[in-house]
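Colleague: Residue numbers (full-length UniProt numbering): 1 to 449.
Here it is: the structure, laid out below.
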Ligand SMILES: CC(C)(COP(=O)(O)OP(=O)(O)OC[C@H]1O[C@@H](n2cnc3c(N)ncnc32)[C@H](O)[C@@H]1OP(=O)(O)O)[C@@H](O)C(=O)NCCC(=O)NCCS
């Protein structure tokens with residue numbers, strides 16, 4: 001094995017660890033457009049979902065079947081009929097939909113049953129369970145158009161889905177629902193996925209779609225200056241939706257967005273639109289900081305806040321590499337646990353990306369800022385400065401006149417931000433006693449106005 005491989009693989013694998021820990025035990029509802037299966041993407045999607053499930057995520061999979069139903073209709077010499085952006089499901093279309101759903105279910109179950117050696121599915125044992133979890137009602141007659149067997153979700157048996165997931169199985173749903181009279185109704189994958197995510201209060205709703213996500217300027221063509229907006233706060237998503245023409249086709253910007261917004265407003269914190277055309281898009285979205293598609297989110301993902309005891313593990317993980325290379329002095333878990341409320345952290349999507357601690361010396365009207373750290377993957381984006389400003393605020397609020405740092409390697413960063421070097425003799429008496437003269441740290445002070 002080449003030595004270079006160790007240096008790429010190990011840090012890469014470790015960088016994924018916080019996401020693996022964070023998603024364990026969470027529930028994701030994943031809606032796959034029928035077009036993805038028609039485009040031959042099922043094998044890879046199954047492999048990625050099996051991997052995500054193996055890391056402790058509970059998955060409900062909802063498949064679409066628009067192109068497959070149309071194909072069946074074509075074979076029967078029957079035209080697909082739509083109105084109001086919905087299929088009109090007559091008797092023949094209902095037959096076609098049932099045939100298409102049956103066929104797709106077999107294909108999906110087969111894809112998840114693979115286990116050939118030397119493939120990502122080797123050793124995977126994914127059990128798929130389907131069932132009559134959705135109660136439907138007819139769309140009825142809209143503006144004089146009778147939608148016949150096209151339906152809407154009336155109720156989701158979230159408790160039964162959860163029990164099935166708790167067995168360790170993946171739940172597979174076709175876009176069908178049944179009425180209390182035993183009638184079958186053709187639903188849309190998007191509505192089923194959204195309703196299930198809401199009913200279960202899932203942690204994520206993910207659409208694997210034909211579109212790559214939502215661009216920063218959605219009405220302008222793809223370009224380097226118009227990349228995918230990876231994080232759309234709910235308020236911005238709602239505002240955008242109001243300016244768009246209603247999404248009737250899956251390639252319309254508003255089409256998936258309307259479902260994401262609906263889910264988010266109903267308590268599903270994160271809804272994602274991902275391109276199935278990109279191999280591994282699910283893994284890239286779930287296990288990489290910025291992701292690849294658009295995530296509609298019902299909170300400010302990145303938050304600067306005071307730490308709590310729950311953050312101790314995250315802080316330790318963040319500062320450990322810098323303690324090992326000598327940039328920071330070693331702190332024990334006990335010490336951090338004891339001092340957790342001295343810390344300020346930047347949290348992104350449940351992961352701690354930056355921290356610093358403030359230790360006041362009120363008798364000298366100053367405080368030490370210690371353990372200022374920004375995770376290597378997000379350095380250079382201003383987080384260091386943000387944390388410094390918050391620490392300054394905390395010190396000011398405590399009536400202190402200055403803050404100081406001890407550093408061996410980061411002097412210039414602090415000087416650029418208003419610190420000046422002083423002699424270690426300047427330190428408050430209590431701190432001077434703990435000063436390690438061998439380490440020869442430089443002492444830098446910043447006056448607070
Ligand atoms: C120092 C540190 C906290 C800065 O965090 P950050 O989020 O990258 O900082 P910002 O984005 O606010 O600032 C980035 C700027 O600082 C500069 N910088 C980063 N590390 C530096 C260092 N050791 N010395 C001087 N400048 C440094 C960058 O080059 C960049 O400069 P630019 O704006 O001119 O391009 C971060 O690099 C870190 O965690 N370092 C390891 C731990 C450490 O040294 N902590 C201080 C212990 S006392």
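We put the beta carbon where it would ideally sit given N, CA and C, even for glycine.
Here the structure is a predicted model, which is why all the values come from computation and not from measurement.
Between residue 372 and ligand 1, is there a pair consisting of the residue's CB and a ligand heavy atom that are separated by less than 6 Å?
Modeller: Yes, ligand 1 has a heavy atom inside 6 Å of this Cβ.
Colleague: Compute the Euclidean distance between the alpha carbons of residue 400 and residue 369, then round it to the nearest angstrom.
Modeller: Their Cα atoms are separated by approximately 12 Å.
Colleague: Measuring CB atoms only, is the stretch 342-361 touching the stretch 309-327, in the sense that at least three cross pairs come out at less than 8 Å?
Modeller: In short, these stretches touch, since the Cβ pair count reaches three.
Colleague: Using the DSSP secondary-structure output, state which residues sit across from residue 106 in a beta bridge.
Modeller: In the DSSP output, where bridge partners are listed per residue, residue 106 has none listed.
Colleague: Let me check you understand the geometry: is the CB of residue 322 closer than 6 Å to at least one non-hydrogen atom of ligand 1?
Modeller: Yes, the beta carbon of residue 322 sits closer than 6 Å to at least one heavy atom of ligand 1.
Colleague: Specify the secondary structure class of residue 65 as computed by DSSP and reduced to three states.
Modeller: Here residue 65 sits in coil by DSSP.
Colleague: Can you determine whether any heavy atom of ligand 1 sits closer than 6 Å to the C-beta of residue 383, and answer yes or no?
Modeller: The answer is yes for residue 383.
Colleague: Compare the Cα-Cα distances from residue 67 to each of 81, 141 and 61 and report the closest residue.
Modeller: Cα-wise, what sits closest to residue 67 is 81.
Colleague: If we count the other Cβ atoms within 10 Å of its Cβ and call it buried at 16 or more, is residue 392 buried or exposed?
Modeller: The residue in question, residue 392, is buried, as its Cβ has 16 or more Cβ neighbours within 10 Å.
Colleague: What ranges does the beta strand (DSSP E) occupy inside the stretch 70-135, keeping only unbroken runs of at least 3 residues that lie completely in it?
Modeller: Within the stretch 70-135, no complete beta strand (DSSP E) run reaches 3 residues.
Colleague: In chain order, what residues of the same chain have a beta carbon less than 8 Å from the beta carbon of residue 312, not counting five sequence neighbours either side?
Modeller: If we look at residue 312 and ignore the five residues flanking it on each side, its Cβ neighbours are 333, 336, 337 and 340.
Colleague: Does the distance from the C-beta atom of residue 57 to that of residue 23 stay below 7 Å?
Modeller: Yes, the pair counts as a contact, with Cβ atoms nearer than the cut-off.
Colleague: Within 6 Å: the Cβ of residue 412 and any heavy atom of ligand 1?
Modeller: It does: the Cβ of residue 412 is within 6 Å (strictly closer) of some heavy atom of ligand 1.
Colleague: Could you check where the beta strand (DSSP E) with residue 276 kicks off and where it finishes?
Modeller: Segment: none, residue 276 is in no beta strand (DSSP E) and carries neither H nor E.
Colleague: With a threshold of 7 Å on Cβ separation, who are the neighbours of residue 251 within its own chain once the five nearest residues in sequence on each side are excluded?
Modeller: Here the set comprises 210 and 211.
Colleague: Is it a yes or a no for the stretch 272-279 touching the stretch 213-227, going by three-plus beta-carbon pairs under 8 Å?
Modeller: Segments in contact, yes.
Colleague: Assuming residue 457 is part of the alpha helix (DSSP H), what are its boundary residues?
Modeller: Since the first residue shown for the chain is 1 and the last is 449, residue 457 is missing from the structure and cannot be characterised.
Colleague: Name the two residues that bound the continuous beta strand (DSSP E) containing residue 407.
Modeller: Segment 402-407, the beta strand (DSSP E) holding residue 407.
Colleague: Counting C-beta neighbours from all protein chains within 10 Å, is the total for residue 150 16 or more, i.e. buried, or is it exposed?
Modeller: Buried.
Colleague: Could you tell me if residue 5 is buried or exposed, where buried requires 16 or more neighbouring beta carbons within 10 angstroms of its beta carbon?
Modeller: Under this definition residue 5 is an exposed residue.
Colleague: When the distance is taken between beta carbons, is residue 294 closer than 7 Å to residue 409?
Modeller: No, they are not a contact pair.
Colleague: For residue 254 versus residue 241, is the C-beta spacing smaller than 7 Å?
Modeller: Yes.
Colleague: Answer yes or no: do residue 264 and residue 229 have a C-beta to C-beta separation smaller than 7 Å?
Modeller: No, these two residues do not count as a Cβ contact at 7 Å.
Colleague: Considering only residues of the same chain and omitting the five flanking positions on each side of residue 162, which have a CB-CB separation below 7 Å?
Modeller: Answer for residue 162: 200, listed in chain order.
Colleague: Which residue's Cα is closest to the Cα of residue 365: 377, 428, 378 and 412?
Modeller: Measuring from the Cα of residue 365, the nearest candidate turns out to be 428.
Colleague: Would you tell me roughly how many angstroms separate the C-alpha atoms of residue 148 and residue 34, rounded to the nearest one?
Modeller: Distance between the alpha carbons of residue 148 and residue 34 is about 22 Å.
Colleague: Which ranges would you report for the beta strand (DSSP E) in the stretch 311-374 if only whole runs of at least 3 residues count?
Modeller: Listed in chain order, the complete beta strand (DSSP E) runs (minimum 3 residues) inside the stretch 311-374 are 343-348, 351-361 and 366-374.
Colleague: Here's the rule I'm using: 16 or more other beta-carbon atoms within 10 Å means buried, otherwise exposed. How should residue 282 be labelled?
Modeller: Classification for residue 282: buried.
Colleague: Would you say residue 268 and residue 197 are within 7 Å of each other, going by their C-beta atoms?
Modeller: Yes, the Cβ-Cβ distance between residue 268 and residue 197 is below 7 Å.
Colleague: Is residue 209 helix, strand or coil by DSSP?
Modeller: Residue state, collapsed to three classes: strand.
Colleague: Note down the Cα distance separating residue 105 from residue 342, rounded to an integer number of angstroms.
Modeller: Cα-Cα distance, rounded: 54 Å.
Colleague: Name, in chain order, the residues that DSSP records as bridge partners for residue 306.
Modeller: In the DSSP output, where bridge partners are listed per residue, residue 306 has 344.
Colleague: Which residues bound the alpha helix (DSSP H) around residue 202?
Modeller: Note, residue 202: premise wrong, no alpha helix (DSSP H); not H, not E.
Colleague: Would you check whether ligand 1 has a heavy atom nearer than 6 Å to the C-beta of residue 327?
Modeller: At least one heavy atom of ligand 1 is nearer than 6 Å to the Cβ of residue 327, so yes.
Colleague: Residues in the same chain with beta-carbon distance under 6 Å from residue 112, minus the five sequence neighbours each way, listed in chain order, please.
Modeller: If we look at residue 112 and ignore the five residues flanking it on each side, its Cβ neighbours are 46, 126 and 128.
Colleague: Looking at residue 31: is its Cβ nearer than 7 Å to the Cβ of residue 193?
Modeller: Taking 7 Å as the Cβ cut-off, residue 31 and residue 193 qualify as a contacting pair.
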